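Residue numbers (the working numbering): 5 to 136.
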């Protein structure tokens, strides 16, 4: 079982606590997966996260994307997804997106999205037949 962890962090600014919170969660996630005997790789989005995670897990970082423009939109999300797929995200059993969601000026809520590949055989196979 292989998982790809994708932390979404910032490139610049004084958001050290916000970025450190995601980095700590990535470290906890990697440790939990390794304890279960599973493999984990990291694809970092954001320069702040790259610097923090490079010190802890240089061997696990597979790809790093910096200078990501904000605010995000569909075009940006599509470009990032294409980069992740080109870097081999399709070879993993799960992709875990980690990011912060704004709650108020003093608090952010950590969010996780687990993306698993389509699976199924026979009649349960996804997109077996498509009708127009």
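The beta carbon of each residue, even a glycine, is placed where N, CA and C say it ideally should be. Nothing here was measured: the structure is a model prediction, and the numbers come from that model.
So what does DSSP say about residue i, is it helix, strand or coil?
i          : result
residue 93 : helix
May I ask which residues mark the beginning and end of the beta strand (DSSP E) holding residue i?
i           : result
residue 114 : 111-119
residue 7   : 6-11
residue 14  : Neither: residue 14 is in no beta strand (DSSP E) and is coded neither H nor E.
Taking the CB atoms as reference points, tell me whether residue i and residue j lie closer together than 8 Å.
i          : j           : result
residue 93 : residue 8   : yes
residue 57 : residue 67  : no
residue 91 : residue 118 : no
residue 34 : residue 12  : no
residue 52 : residue 14  : yes
residue 79 : residue 50  : no
residue 96 : residue 6   : yes
residue 22 : residue 112 : yes
Three-pair Cβ contact test at 8 Å for the stretch 96-105 versus the stretch 29-45: Touching, yes.
Stretch pair the stretch 80-89 + the stretch 35-46: three plus CB contacts closer than 8 Å: Inter-segment contact for the stretch 80-89 and the stretch 35-46 is absent: fewer than three beta-carbon pairs are separated by less than 8 Å.
Within the stretch 24-91, ranges of the beta strand (DSSP E) (whole runs, at least 3 residues): 43-49, 65-69
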